[in-house]
Amino acid sequence: MDHPASSRAGVIVSAPGRRASLRLSYANAAAWGLGNGLVSSTLVIYLGLELGAKNTALAAALILSAPQFLGLLRFSAPALIDRLADRKTFCVGCYAASALLLLLLPWAAAPGRLATPERSLVAMVAIWSLYHLLEYLGTVTLWSWLADLVPGRIRGAFIGHRERWLLVGTIVGMVATGIGTYLWRSHIENSATWNPGDRWLGYAAYALLGALAMLAATIPLMRMATVTTTASRPADHVRRRLAELLAPLGDARYWHLLLFGCTIAFFNGLTQSIQFLYPAAVLGLSLFAMLTLRSTMRLGQIAISPTMGRLADRFGNRPVMIACQAIVATGPAFYLLATSQAPWFVAGAWLAWIAYAGLNVCLPNLMIKLATPHLRAAYIAAYFAITGLTYGLATVVGGWLVDTFRDERFYAFGTTQIWGIYDLMFFLGWIGRTGSVVLLFMVIEPGAKPLSQLLRGEPQDATK
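Heads up: the sequence shown runs through residues 737 to 1200, numbered per our numbering.
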């Protein structure tokens, strides 16, 4: 039963205002997801390939990893919130600025805009990275804001429903981009005045539409309730902020979660660039085919996200994450099986990655449970900054390895089976992601019951 107002953890917000804000957060998720679907990493990589720059694997790695390096500045989010504005103003400002910056991406991608393709690629990476930095800062702030708006007893279900709206928007955007770019490419290739240099225009147009959709996504945020708190803060701002930033690293429970996060980030990053490059460069799959696979994955995630949230509320986040990570880990094995004669084995990977829905729901919920209310932003910022750095470094290493050893061939484990660098990378990704499941058994979740009790169907203590 809702009360006229909630003072949970010092938070003051009316019950009607809270309910309206949660509905608006769903609208924000749908619009932002639409923008992300229209201008996905896949589209940016295909757009970058149109530039004709050398070292394509490393170029794809930079597009994927450079934003993660700048993501270290997420540590500054809590201090910036206090220094520059309240959470609502800061969150809306970051998201709006990131969308406006993304409008420059089509300009940088125009062939001949800069002196060389390599310079154009650098400009694209810079814009893409700064866009992600501002998005990261906004996201850290948004989760801290939402944590105070959503009661703990329904938080998992809320995250699951919000994830569903985010995925709906993403799928619509991806389908629109896939069909639109396919039709554009077919049109120019069948035109009497066909110019191969015009293919980039189809990609650039959807990047522009994506930026506009993300800008529109800030409108629901502007209408959400401004959360105030009755909690007092010490006068020593600098010392307090430093202590808050370092607080997560002094929590042993947090280190267990961080170890898991860094492990999966490393093995995800190691194969990330070639997951996009291999289908295009080796298997010959079009952007439309890749976005169809990604959309299928998102549809599956839409279907299971609310269920993942309800299971997390009942049994805890850790059991859901263990099951989902075991499924997700099989993805690189399907890439390992795919060849130019049988390219559709990669579809198995995207079906397995439907299980990412459970991780997407449970990870932020678990971090919120670990932190005290005034440290939530610091816990979330530290996790995504450190794992993002790990992911970024691994992505660059993976791209460099592929470009360096692209022509090497060797026998796999002393057998007569000949492997190339792609095969080795996918094998390492499969083994590493599978091994990370073991680390989840070390994660400590407040209020969760031992696995033996969960197997008997006893729910967790969801009071926090």
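Using N, Cα and C, we set each Cβ at its ideal position, and we do this for glycine too.
Does residue i pass the burial test, meaning 16 or more other C-beta atoms within 10 Å, or should it be called exposed?
| i | result |
| --- | --- |
| GLY986 | exposed |
| GLU1144 | exposed |
| GLN1153 | exposed |
| ASN894 | For the sequence presented, residue 894 should be read as Phe rather than Asn. It is buried - the Cβ of PHE894 has at least 16 other Cβ atoms within 10 Å. |
| LEU982 | exposed |
| PRO984 | buried |
| GLY771 | buried |
| ILE915 | exposed |
| LEU1178 | Inspection of the sequence shows that residue 1178 is occupied by Met rather than by Leu. Its Cβ having fewer than 16 others within 10 Å, MET1178 is exposed. |
| HIS868 | buried |
| ALA1148 | exposed |
| PRO1042 | buried |
| GLY1171 | exposed |
| ARG1034 | buried |
| THR778 | buried |
| ALA851 | exposed |
| ARG889 | exposed |
| ARG719 | Since the displayed the chain opens at 737 and closes at 1200, residue 719 lies outside it and no answer follows. |
Could you compute how far the alpha carbon of residue i sits from the alpha carbon of residue j?
| i | j | result |
| --- | --- | --- |
| LEU993 | VAL1174 | 12 Å |
| TYR1115 | GLY1165 | 27 Å |
| LEU903 | ALA1001 | 21 Å |
| ASN1096 | ALA1048 | 12 Å |
| ARG900 | PHE1146 | 44 Å |
| ALA756 | ASN764 | 12 Å |
| TYR1158 | THR1151 | 17 Å |
| VAL780 | ALA751 | 42 Å |
| ALA862 | PRO1182 | 40 Å |
| THR966 | ALA1117 | With a pLDDT of 49 at THR966, under the threshold of 50, the modelled position of this residue cannot be trusted; read the value that follows with caution. Whole-angstrom Cα-Cα distance: 23 Å. |
| ALA1039 | ALA1074 | 27 Å |
| ILE1180 | TYR872 | 26 Å |
| PHE1070 | GLU854 | 33 Å |
| VAL886 | SER1009 | 36 Å |
| ALA1085 | CYS1098 | 21 Å |
| ARG1054 | ALA988 | 16 Å |
| ALA1016 | HIS1110 | 46 Å |
| THR877 | CYS1060 | 27 Å |
| ALA940 | TYR1014 | 22 Å |
| MET860 | GLY909 | 21 Å |
| ASP1139 | HIS923 | 33 Å |
| VAL858 | GLY769 | 26 Å |
| GLY1091 | GLN1037 | According to the sequence shown, residue 1091 is Ala rather than Gly. Rounded to the nearest angstrom, the two C-alpha atoms are 7 Å apart. |
| ILE1167 | ASN926 | 45 Å |
| ALA1113 | TYR1119 | 10 Å |
Thinking C-beta only, is residue j closer than 8 Å to residue i?
| i | j | result |
| --- | --- | --- |
| GLY784 | ALA795 | yes |
| GLY1052 | THR906 | no |
| THR1007 | PRO1068 | yes |
| GLY1005 | THR875 | no |
| SER865 | LEU806 | yes |
| GLY1134 | ALA797 | yes |
| LEU1027 | SER1076 | no |
| TYR831 | LEU957 | yes |
| VAL712 | LEU1029 | Summary: the structure shown does not reach residue 712, with the chain confined to residues 737 through 1200, and so no result is reported for it. |
| VAL775 | TYR942 | yes |
| ARG754 | ALA883 | no |
| ARG891 | ILE1104 | yes |
| ALA912 | ALA767 | no |
| LEU870 | ALA833 | yes |
| LEU1021 | PHE1163 | no |
| LEU758 | LEU836 | no |
| THR1123 | CYS998 | yes |
| VAL828 | THR954 | yes |
| ALA947 | LEU1023 | no |
| TYR990 | LEU1106 | yes |
| ARG1169 | PHE1012 | no |
| VAL963 | ARG1142 | no |
Am I right that residue i and residue j are in contact with their C-beta atoms under 8 Å? What's the rounded C-beta distance?
| i | j | result |
| --- | --- | --- |
| ARG921 | ARG898 | Not really, about 35 Å apart at Cβ, beyond 8 Å. |
| TRP879 | PRO1100 | 6 Å |
| LEU800 | THR1131 | 5 Å |
| MET1044 | ALA1093 | 5 Å |
| LEU760 | ARG959 | 5 Å |
| VAL1064 | TRP1089 | 6 Å |
| MET1161 | LEU1129 | With 8 Å as the limit, MET1161 and LEU1129 do not qualify as a contact, their Cβ atoms being about 15 Å apart. |
| ARG1046 | GLY1156 | Their Cβ separation, rounded to whole angstroms, is 44 Å, which puts ARG1046 and GLY1156 out of contact at 8 Å. |
What I want to know is whether the C-beta of residue i ends up closer than 7 Å to one or more non-hydrogen atoms of the ligand MG.
| i | result |
| --- | --- |
| HIS897 | Among the components of this structure there are no ligands whatsoever, and the ligand MG is therefore not found. |
Unbroken alpha helix (DSSP H) runs of length 4 or more, entirely within the stretch 1052-1089: which are they?
-> 1053-1064, 1067-1073, 1082-1088
Contiguous alpha helix (DSSP H) assignments of at least 4 residues, all confined to the stretch 1124-1188 = 1157-1176
Contained beta strand (DSSP E) runs [length at least 3] in the stretch 985-1035, N- to C-terminal order = Fully enclosed beta strand (DSSP E) runs of 3 or longer: not present.
May I have a chain-ordered list of the alpha helix (DSSP H) segments no shorter than 4 residues that lie completely inside the stretch 880-917?
-> You should have found no qualifying run.
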